[in-house]
Amino acid sequence: MKLKSMAGAALMLAAASSMAQDQEALYVKSLAATCANCHGTNGRVVDGSSVVSLAGQSKAYIVEQMKAFKSGARPATVMHQLSKGYSDAQIEQIAGYFAAQKK
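So for the sequence shown, the working numbering puts the first residue at 411; every next one is plus one.
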């Protein structure tokens, strides 16, 4: 009986861990979705766009650019305003999401 109880507890722990990962992934995807209006779905712009495609860019590059927009070091039309709405941790998460996307 004790073995059944331990197995049940392990199964519940695994399910809870999986749900937490799913929630985190959904949260990061929702952050990245805020970029879609300009940078396209999953960071892929349409051919001929003057906006940079984010999909497949390196995480370090995206973080660097976002922080430059946020500080005002890189001029922009709206990115300096938008970037100020994200914490450094959120910028890291968004950058990681787009770095993992195929170009």
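Glycine included, C-beta positions come from ideal geometry on N, C-alpha and C.
The criterion of a C-beta distance shorter than 8 Å is not satisfied by lysine 513 and lysine 494. Taking the Cα of phenylalanine 508 as reference, the smallest distance to any Cα among Leu441, Asp498, Gly482, Gly466 is reached at Gly466. The three-state secondary structure of alanine 465, taken from DSSP, is coil.
Distances from the alpha-carbon of valine 462 to those of Cys445, Gly506, Leu492, Lys477 put Cys445 closest. Nearest Cα to asparagine 452 within the set Ala478, Ser440, Gln475: Ser440. Of the other Cβ atoms in all chains shown, fewer than 16 fall within 10 Å of the Cβ of alanine 486; this residue is therefore exposed. When the alpha-carbon of leucine 464 is set against those of Lys477, Cys448, Ala478, Gly458, the nearest one is in Cys448. In the structure shown, glycine 450 adopts coil according to DSSP, grouped into three states. With fewer than 16 neighbouring CB atoms inside 10 Å of its own CB, glutamine 431 falls in the exposed class. Exposure of alanine 499 is indicated by the presence of fewer than 16 other C-beta atoms within 10 angstroms of its C-beta.
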